[in-house]
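Going by the numbering used here, the first residue of the sequence shown is number 296, and it counts up by one from there. Here a beta-carbon is modelled for each residue, glycine too, at the ideal position from N, C-alpha and C.
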Amino acid sequence: MLFAPGKRPTRAAILAFVSRQHAVSLSHDPAADAAAGLLVAQGEPVPAAGSGADAQDEAWVELLREGLTFDLRGLADGASRPVPDIAHRFDFSSAAAMAELEALSITPGRHLAGGERSMPVLKGILGLARDLTQHFEDLQAVYWQPSGSAIGRRFFEPVITAWLEGGAFPALGLTAFNEVADGALQSVGLAFWIGQELRIEPPLTADKVAATRLGVRLVNQLVIVGGLDESERIIAPDGTRLVMRPSRNRNFIRVWRE
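Put into structure tokens, the structure is as follows:
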């Protein structure tokens, strides 16, 4: 979650956010626990174990959304999370220099260990990011690590909402596309979802816009079915007959004209 300089929310702002949500609640607040654990020795407050300087470097809370817990780290009461390197941008051009942006992160809570990449957890993370985007106007973009993408708030909120309500997978953002040396168009980040990347072979890629549109449609379908094990013949939107086939190492799904 990328914010303009000095605009990260504080713990108090997150508590105000939670108070306005029906799907989100506060499940753990280390700062409140530390305050409750203060001991008094010789008239001076002494922090309880675990609430020393190291704990104060990063402010965080645990939020519960539809039965799943997520850690929100990097609140303005402490240090910012590192701002990642951005490889792809979707409706995002920051007025601030990238080095000046500040970041929060959302990660699965410790109770979800082992299930971090399940679809309910991933939808929960993205749903919480969408909720925060709707609430905090100073949030400039959401960064999705598997595709290296920064997705502008105006683009992120509607496409994630549509997907969570049963619409198409947000292929532009949660995945991206690169042109590789031989002219093929190759997805980035699809393997996070299905274990395979999509590769559209030349000459299908002569028209990059049309090839990207085809890639978006195919990514949506592949996320629904969970990948490809055998060759399939499909019809492109323009009526072209195509072949989809896993590569020999199964890491790619190759697409070309029949």
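Distance, P403 Cα to L509 Cα: Working through the sequence shown from its first residue, we reach residue 509 at position 214. Working through the sequence shown from its first residue, we reach residue 403 at position 108. Distance between the alpha carbons of L509 and P403 is about 32 Å.
Restricting to runs no shorter than 4 residues, where is the alpha helix (DSSP H) found entirely within the stretch 419–461? 448–459
Assign L440 to one of two classes, buried (16 or more other C-beta atoms within 10 Å of its C-beta) or exposed (fewer than that). Here residue 440 corresponds to residue number 145 of the sequence shown, with the count starting at 1. Strictly speaking, residue 440 in this sequence is Gln, with Leu absent from that position. Classification for Q440: exposed.
Using C-beta distances below 7 Å, list every residue in its chain close to F431, excluding the 5 sequence neighbours before and after it, in chain order. Working through the sequence shown from its first residue, we reach residue 431 at position 136. Residues of the same chain with a CB within less than 7 Å of the CB of F431, apart from the 5 flanking positions on each side, are P304 in chain order.
May I have the straight-line CA-CA distance separating A350 from I309, to the nearest angstrom? On the sequence shown, residue 350 is found 55 positions in, with the first residue counted as 1. On the sequence shown, residue 309 is found 14 positions in, with the first residue counted as 1. Note that A350 scores 43 on pLDDT, short of 50, meaning its location in the model is unreliable and no value can be drawn from it.
Give a yes or no on whether the C-beta atoms belonging to Q481 and N546 are separated by under 8 Å. Counted from its first residue, the sequence shown places residue 481 at position 186. Counted from its first residue, the sequence shown places residue 546 at position 251. Not a contact, by the Cβ cut-off of 8 Å.
Assess contact between the stretch 510–520 and the stretch 437–456, defined as three or more Cβ pairs (one per stretch) separated by less than 8 Å. Is contact present? no
Where does D372 sit, in a helix, a strand or coil, going by DSSP? The residue given as residue 372 occupies position 77 in the sequence shown. D372 falls in the coil class under three-state DSSP.
Suppose the cutoff is 7 Å on Cβ atoms and the five residues either side in sequence are ignored; what does the same chain contact list for E353 look like? Within the sequence shown, residue 353 is the residue found at index 58, counting from 1. If we look at E353 and ignore the five residues flanking it on each side, its Cβ neighbours are R368, G369, G373, A374.
Compare the Cα-Cα distances from R543 to each of G419, P532, E525, E397 and report the closest residue. The sequence position of residue 543 within the sequence shown is 248, counting from 1. Closest by alpha carbon: E525.
Expected contact under 8 Å - CB spacing of A436 and G447 to nearest Å: Taking the first residue of the sequence shown as 1, we reach residue 436 at position 141. Taking the first residue of the sequence shown as 1, we reach residue 447 at position 152. Right, the Cβ-Cβ distance comes to about 5 Å (below 8 Å), so this counts as a contact.
For R315, count neighbouring C-beta atoms within 10 Å of its own C-beta (all shown protein chains included) and say buried if the count is 16 or more, exposed if not. Taking the first residue of the sequence shown as position 1, residue 315 is located at position 20. Exposed, because fewer than 16 other Cβ atoms sit within 10 Å of the Cβ of R315.
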